[in-house]
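The next block holds one structure in the form of structure tokens; read it before the comments.
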Amino acid sequence: MFAAEKLITVPFDVYRYDPTRGGEPRYQHYELRLAPHTPILSGLLRIRDELDPTLTLRYSCRSAICGSCAMLVNSKSRLACHTPVGPEVAEHGRIVVDPMRNQPVLRDLVVDQKPFWTRYEQMDPHLIPDPLRPMPEGRPTQMTPAQVDRFKETPRCIACASCYSACPAVEADPEFPGPMALAKLYRFVVDPRDGAHKARLQKIQTSGLWLCLRCHLCTEACPKDVRPSERIRDLKELAVRAQGGTEPGSRHAIGFMKNIEEAGTLNELKLVRQTSGLSGMVAAAGQGIRLARKKPELLKGPKTIEGIAEVRKLYAALEKDEEVPL
Ligand code: SF4
Ligand code: SF4
Ligand code: FES
């Protein structure tokens with residue numbers, strides 16, 4: 001027999017917004033006595049059942065599988081069915097619940113997921129067979145364990161949109177496909193049965209791949225360890241390998257890498273030329289002159305750092321895909 005868990009007072013401040021009644025969004029305060037292990041979703045459902053039947057939220061499996069109960073809990077993306085109340089109250093003293101970001105609020109905690117799913121659909125998230133290598137009819141197509149290993153994280157995705165909500169690139173640019181859509185794209189780019197990986201890479205190079213800010217907030221937000229920012233990094237690498245520097249994002253990455261290999265530090269002027277070419281330098285001339293007046297040393301370029309031999313060893317190891325010497 002287990003001892004009964006001591007109940008604690010759990011203060012909730014829940015975002016409320018009902019467009020049918022007009023008025024501004026607001027927070028509504030509720031208090032419940034709950035065992036610390038109680039999932040936040042269970043608390044919200046008790047509020048709806050016992051205190052306020054107008055509270056609107058989305059959920060289904062209550063087992064961290066369907067992804068529909070994703071919301072902001074004390075400003076962090078969480079699955080409400082998988083987040084206990086106790087640690088949140090211990091750390092923050094209360095539980096502030098908000099709807100996901102980057103998607104319009106329909107009512108209370110329910111958002112319109114259309115932007116998220118539209119971006120996903122744009123990735124053609126299904127296998128496109130190669131007509132020159134038709135799949136064997138009536139029997140499964142086999143892959144080697146190493147081939148499956150390349151995309152082992154992406155099937156864990158439950159489409160909860162936590163990453164989309166956390167992503168500043170989505171917020172800044174409606175053209176950015178979002179972390180989950182790009183992680184899905186990666187999954188098909190490295191699938192040996194897919195016949196469209198070159199076309200997929202070509203399309204994404206100019207459709208938002210390089211808008212990712214590499215902030216890793218999507219990876220922090222993901223409850224299933226899909227690590228979308230790492231999949232985006234892999235996509236960028238594959239795009240550069242397949243096509244070289246075909247547009248400013250990839251040219252910037254290549255220029256950055258060469259700068260560090262050469263001198264161990266960045267040469268800002270050179271990087272502008274490598275990224276945007278001579279025409280880009282001319283366009284940025286005014287800004288460059290102002291900067292050079294403030295920092296004349298920029299015109300000479302940076303000095304090669306003392307530890308450059310170590311930097312080059314790291315590059316050589318990475319080139320051979322060896323373990324990096326630390
Ligand atoms: S790493 Fe890229 S995709 Fe992930 S949250 Fe940051 S900007 Fe968005
Ligand atoms: S990648 Fe992670 S955070 Fe993004 S939708 Fe999939 S499971 Fe959710
Ligand atoms: S209700 Fe399905 S993931 Fe929470």
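Numbering follows the numbering used here, in which position 91 of the sequence shown is assigned residue number 91; successive positions increment by one, without gaps. Think of the CB as a built atom: it goes at the ideal place given N, C-alpha and C, for glycine as much as any other residue.
Could you tell me whether any non-hydrogen atom of ligand 1 is closer than 8 Å to the CB of P168?
For ligand 1, a non-hydrogen atom lies closer than 8 Å to the CB of P168.
Would you mind sorting K320 into buried or exposed? The rule is 16 or more other CB atoms within 10 Å of its CB.
Exposed, since its Cβ has fewer than 16 Cβ neighbours within 10 Å.
Ligand 2 and R101: does the residue's C-beta get closer than 8 Å to at least one heavy atom of that ligand?
Outside the cutoff, so no.
In three-state terms, what does DSSP make of R26?
The answer is strand: DSSP assigns R26 an E or B state.
Endpoints, the beta strand (DSSP E) within which A70 is located:
A70: member of the beta strand (DSSP E) spanning A70 to V73, first to last residue.
So what's V328 in DSSP terms, helix, strand or just coil?
Residue 328 lies beyond the residue range present for the chain, which begins at 1 and ends at 326; the question has no answer from this structure.
Whole-angstrom C-beta distance between T154 and A183, which should lie under 8 Å:
Here A183 really is in contact with T154; their C-beta atoms are around 5 Å apart, less than 8 Å.
Smallest Cα separation from T20: which of R107, I8, P177 and A263?
The alpha carbon of T20 has as its nearest neighbour, out of R107, I8, P177 and A263, the alpha carbon of R107.
Can you tell me the Cα-Cα spacing of Y377 and G178, whole angstroms?
With the chain covering 1 to 326 only, the question about residue 377 has no answer from this structure.
Return helix, strand or coil for L79, following the three-state DSSP convention.
In the structure shown, L79 sits in a strand (DSSP, three-state: E or B).
Below 8 Å on the Cβ atoms is my contact criterion, and I expect Y15 with L109 to pass it. Report the Cβ-Cβ distance as a whole number of Å.
By a beta-carbon distance limit of 8 Å, Y15 contacts L109. Their separation comes to about 7 Å.
Helix, strand or coil for E220, going by three-state DSSP, please let me know.
Helix at E220.
Straight-line gap, D98 to V111 (C-alpha atoms, nearest Å)
Computed Cα separation, rounded: 10 Å.
Contacting residues, own chain, Cβ-Cβ under 6 Å from D210 (five flanking each side not counted):
Residue identity differs from the one stated: residue 210 is Trp in this sequence, not Asp. Excluding sequence neighbours, W210 sits near G249.
So, does the region 159 to 168 touch the region 65 to 80, judging by three or more C-beta pairs under 8 Å?
The region 159 to 168 is in contact with the region 65 to 80.
Do L127 and D194 have their CB atoms nearer than 9 Å?
For L127 and D194, yes; Cβs fall inside 9 Å.
Does F176 come out as helix, strand or coil in the three-state DSSP assignment?
Looking at F176 - three-state DSSP - the assignment turns out to be coil, as it is neither helix nor strand.
Cβ pair count under 8 Å reaching 3, the region 37 to 45 against the region 81 to 89:
These segments touch.
Note down, in chain order, each residue of its chain lying with its Cβ closer than 7 Å to the Cβ of V190, except the 5 sequence neighbours on either side.
For V190, same chain residues with a beta-carbon under 7 Å away, outside a window of 5 residues either side, are R150 and F151 in chain order.
What first and last residue would you give for the beta strand (DSSP E) that runs through L106?
Boundaries of the beta strand (DSSP E) around L106: V105 to R107.
Taking the alpha carbon of R94 as the point to measure from, which residue in I254, P228 and P36 has its own alpha carbon closest?
Closest option to R94, Cα to Cα, is P36.
Just to confirm my understanding: we take R46, look at its own chain, exclude 5 residues before and 5 after, and list those with CB closer than 7 Å. What are they?
The answer, listed in chain order, is L32.
Return yes when at least one heavy atom of ligand 2 lies under 8 Å from the C-beta of A242, else no.
Taken from the Cβ of A242, every heavy atom of ligand 2 lies 8 Å or farther away.
Do K303 and A263 have their CB atoms nearer than 9 Å?
Yes, Cβ-Cβ distance for K303 and A263 is below 9 Å.
Taking its Cβ as the centre, do 16 or more other Cβ atoms sit within 10 Å of M135, making it buried, or is it exposed?
Its Cβ having fewer than 16 others within 10 Å, M135 is exposed.
Closest by C-alpha distance to V96, when choosing among P104, L44 and T144
Measuring from the Cα of V96, the nearest candidate turns out to be L44.
Taking the alpha carbon of D18 as the point to measure from, which residue in I308, I8, K313 and T54 has its own alpha carbon closest?
Cα-wise, what sits closest to D18 is T54.
Checking 9 Å against the spacing of the C-beta atoms, do A242 and K198 come in under that value?
With respect to K198, A242 sits close: the two C-beta atoms are nearer than 9 Å.
Taking only three categories from DSSP, how would you classify I232?
Helix, per DSSP.
N- and C-terminal bounds of the alpha helix (DSSP H) containing Y15:
Judged by DSSP secondary structure, Y15 falls outside any alpha helix (DSSP H) and instead within the beta strand (DSSP E) spanning I8 to R16.
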